[in-house]
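Protein sequences, first through last, are from chains V and P. Quick note: the first sequence uses my numbering, first residue 671, plus one each step. Quick note: the second sequence uses my numbering, first residue 671, plus one each step. C-beta atoms are modelled at their ideal positions from N, C-alpha and C, and glycine is treated no differently. Remember, predicted model here, so these are calculated numbers, not experimental data. Report on the structure given below.
Number of protein chains: 2
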Amino acid sequence: MTGKDARVMANDEQTQTKSERLRQHLVAVIDAGLEPHERLPTERDLADTFDVSRLTVRRALDRLERDGRVYRVQGAGTFVSEPRITKSLELTSFSEDMRARGLQPGSRLVRVATVPAGARIGYALGLSPAEEVLHVQRVRLADDAPICLEDVYLPRVLVPGLEDFVGTDSLYDSMEQRYGLVIDRADQTIRATVLDPGVAALLETPAFSPAFQVERTGFDDRSRPIEFAESLYRGDRYSYEISVFRRSGASQ
Amino acid sequence: MTGKDARVMANDEQTQTKSERLRQHLVAVIDAGLEPHERLPTERDLADTFDVSRLTVRRALDRLERDGRVYRVQGAGTFVSEPRITKSLELTSFSEDMRARGLQPGSRLVRVATVPAGARIGYALGLSPAEEVLHVQRVRLADDAPICLEDVYLPRVLVPGLEDFVGTDSLYDSMEQRYGLVIDRADQTIRATVLDPGVAALLETPAFSPAFQVERTGFDDRSRPIEFAESLYRGDRYSYEISVFRRSGASQ
DNA sequence: AAGTGGTCTAGACCACCCG
DNA sequence: GGGTGGTCTAGACCACTTT
Numbered sequence: 671m672t673g674k675d676a677r678v679m680a681n682d683e684q685t686q687t688k689s690e691r692l693r694q695h696l697v698a699v700i701d702a703g704l705e706p707h708e709r710l711p712t713e714r715d716l717a718d719t720f721d722v723s724r725l726t727v728r729r730a731l732d733r734l735e736r737d738g739r740v741y742r743v744q745g746a747g748t749f750v751s752e753p754r755i756t757k758s759l760e761l762t763s764f765s766e767d768m769r770a771r772g773l774q775p776g777s778r779l780v781r782v783a784t785v786p787a788g789a790r791i792g793y794a795l796g797l798s799p800a801e802e803v804l805h806v807q808r809v810r811l812a813d814d815a816p817i818c819l820e821d822v823y824l825p826r827v828l829v830p831g832l833e834d835f836v837g838t839d840s841l842y843d844s845m846e847q848r849y850g851l852v853i854d855r856a857d858q859t860i861r862a863t864v865l866d867p868g869v870a871a872l873l874e875t876p877a878f879s880p881a882f883q884v885e886r887t888g889f890d891d892r893s894r895p896i897e898f899a900e901s902l903y904r905g906d907r908y909s910y911e912i913s914v915f916r917r918s919g920a921s922q
Numbered sequence: 671m672t673g674k675d676a677r678v679m680a681n682d683e684q685t686q687t688k689s690e691r692l693r694q695h696l697v698a699v700i701d702a703g704l705e706p707h708e709r710l711p712t713e714r715d716l717a718d719t720f721d722v723s724r725l726t727v728r729r730a731l732d733r734l735e736r737d738g739r740v741y742r743v744q745g746a747g748t749f750v751s752e753p754r755i756t757k758s759l760e761l762t763s764f765s766e767d768m769r770a771r772g773l774q775p776g777s778r779l780v781r782v783a784t785v786p787a788g789a790r791i792g793y794a795l796g797l798s799p800a801e802e803v804l805h806v807q808r809v810r811l812a813d814d815a816p817i818c819l820e821d822v823y824l825p826r827v828l829v830p831g832l833e834d835f836v837g838t839d840s841l842y843d844s845m846e847q848r849y850g851l852v853i854d855r856a857d858q859t860i861r862a863t864v865l866d867p868g869v870a871a872l873l874e875t876p877a878f879s880p881a882f883q884v885e886r887t888g889f890d891d892r893s894r895p896i897e898f899a900e901s902l903y904r905g906d907r908y909s910y911e912i913s914v915f916r917r918s919g920a921s922q
């Protein structure tokens, strides 16, 4: 009963685990004034202070370490990391991505249509080539300037009637709220290319400018494909900033 | 004492934790013949079978889930994932990367020199602009065809005498074996660009071909910068294949 | 020698799904 | 309701670094 009480008690704003609340608290403490390489309290001290088990403390610190906020040295302690410029690559919507870069996201609808999937898109989505998909083509904007041309393909059966809302709402908000579709993971292939004159015109940039070509297949939390997308990003206005880590486990 | 005995006993080949051994065992079981979406034994069953605690089982499954090998559904079970085409972005050397793509890695040394860091490289490495860095420029090959032009800068004080081995050994093997320098994490910025005529000639490709420009700062396990590198990858011969995940923790 | 993080145990309660 | 994964506890021993 104590477990449940504690959980309910502290839920002023959000339903969260103890370790997640502790993690957020530690982030606040670090941001409030700890210097890089300054030592945090020991795991046992934190456990005592916040009246949780040491395992719970370690879970919070594990996440902070994965996020690059702290590093740990066995026998010595846990220390604040040097501030990072880049974050690990995350699955974010275009809108979130632009806001994180301090830009105002926007969108210009080019085409909405129901079409047969065809071989390539059908293969990516695990559909027969004859099965219908909803095709949404948009020019994505940041501060009213074109950033990328995006073609999204969704299995028709998963999103009946979605075309009526495409112009107005966020596509992914609609998918989540109307159909319960949430993309949990996406596999991407990123290529370097140059823009065809037609695409270049849509993106208001010279023909043959450098660009990223991104193919993405989005999966739900049970690894079922629910989205295939192709995007062309202006190379002069977009870059990837990512952190990569040495793999711990061998083989795979 | 039982813990230590068990650890020593099973260390025929490697020194590993119980959860890591269990993880590798499960990978072998999955690869041996489990179908996608087939259910694994329950966590409690695995704990009994392998005579470990449930937490240890969960640690193994956590890693498999992060690697995309399994997915879990609360109340239902743990299931084998659909095979993945792409893996999460990992910190690998060029050589490992090429071997993973089934290509024979190679290298053509262009320049080795000791130079002042300058403002940009010094900033990235946390050095004064006047401090000396070792500059190694190489054309990296796959199956004897040029893939990228790579400029690596290392603080001179960290790698005294390295220039004598640059032509012969793997650069990162040398750094690790001679100086104990291991890159644990790297921050990268990836841009789309086209190749200057000079670089294009080195890479044996037409001028103004599409290319990736990659800036990388490598850090050791205590978040100290130990390497700055710039690479230009031929867009026709290189692409990024990565998985991205919905972030679990909020804020950050 | 003392203290730190790394790993593990045995047991408990919760939220969720229906094999 | 019974079984599943998700979270948490209190305690233990190990490997490692160092006030």
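Shown in chain order are the members of the region 857 to 870 of chain V whose Cβ falls below 8 Å from a Cβ of chain P: Asp-857, Gln-858, Thr-859, Ile-860, Arg-861, Ala-862, Thr-863, Val-864.
The C-beta of Ser-689/V comes no closer than 8 Å to any C-beta of chain P.
Contacts between Arg-855/V and chain P, judged by CB atoms closer than 8 Å, involve Gly-738, Ser-913, Val-914, Phe-915, Arg-916 in chain order. Counting C-beta pairs closer than 8 Å gives fewer than three between the region 760 to 769 of chain V and the region 726 to 741 of chain V, which falls short of the contact rule.
If you look at Tyr-842/V, you'll find it in the alpha helix (DSSP H) that goes 841 to 849.
With contacts defined by Cβ atoms closer than 8 Å, Asp-891/V and Asp-854/V form a contacting pair. Taking a contact as a CB-CB distance under 8 Å, the pair Phe-898/P and Leu-795/P counts as one, their CB atoms being some 5 Å apart. Not a single CB atom of chain V sits nearer than 8 Å to the CB of Pro-816/P.
In this structure, Arg-848/V sits away from Arg-808/V, with a CB-CB distance that is not shorter than 8 Å. According to DSSP, Phe-749/P shares a beta bridge with Arg-709/P, Tyr-741/P. Between the alpha carbons of Val-829/P and Thr-887/P lies a distance of about 16 Å. Cβ atoms of Ser-913/P and Arg-810/P stay farther apart than 8 Å, at about 24 Å. For Val-699/V, the closest Cβ of chain P is not nearer than 8 Å. Going by beta carbons, Ser-763/V and Leu-819/V fall outside the 8 Å limit. In summary, Ala-815/V is exposed, with fewer than 16 beta-carbon neighbours lying within 10 Å of its beta-carbon over all protein chains present. Not a single CB atom of chain P sits nearer than 8 Å to the CB of Val-722/V.
Contact between Tyr-910/V and Thr-859/P holds, since their C-beta atoms are separated by about 7 Å, short of 8 Å. When the beta-carbon positions are compared, Val-743/P and Ile-700/P stay at least 8 Å from each other. Setting aside the 5 residues that flank it on each side, Glu-833/V is surrounded in the same chain by Val-782, each with a C-beta closer than 6 Å to its C-beta; the list follows chain order.
The Cβ of Pro-880/P sits closer than 8 Å to at least one Cβ of chain V. For Leu-696/P, the closest Cβ of chain V is not nearer than 8 Å.
Straight-line measurement puts the Cα of Asp-843/P at about 9 Å from the Cα of Gly-850/P. Per DSSP, Asp-857/V is one residue of the beta strand (DSSP E) stretching across 855 to 864. Neighbours of Val-743/V in chain P, taken as residues at a C-beta separation under 9 Å, are given in chain order as Asp-891, Arg-892. Within the same chain, Cβ atoms closer than 7 Å to the Cβ of Val-740/P are found at Leu-710, Leu-731, Leu-734, Thr-748, Phe-749, Val-750, Ser-751, the five residues on either side in sequence being excluded.
About 6 Å separates the beta carbons of Phe-882/V and Gly-905/V, which is inside the 8 Å limit, making them a contact pair. When 8 Å is used as the limit between beta carbons, Ser-751/P is near these residues of chain V: Ser-893, in chain order.
Within chain V, the residues Asp-857 have their CB atoms less than 8 Å from the CB of Arg-754/P, given in chain order. One Cα belongs to Val-827/V, the other to Gly-788/V, and the distance between them is close to 16 Å. Here Gln-807/P carries a strand assignment [DSSP, helix/strand/coil]. Residue pairing by DSSP places Glu-766/P opposite no residue, since no beta bridge is assigned to it. For a Cβ distance threshold of 8 Å, residue set Val-914, Phe-915, Arg-916, Arg-917 of chain V lies close to Leu-761/P, ordered along the chain. Rounded to whole angstroms, the gap between the alpha carbons of Pro-895/P and Thr-784/V is 51 Å.
Residues of chain P whose Cβ lies closer than 8 Å to the Cβ of Gly-905/V are, in chain order, Arg-861, Ala-862, Thr-863.
When secondary structure is reduced to three states using DSSP, Leu-696/V falls in the helix class. For Tyr-823/V, the closest Cβ of chain P is not nearer than 8 Å.
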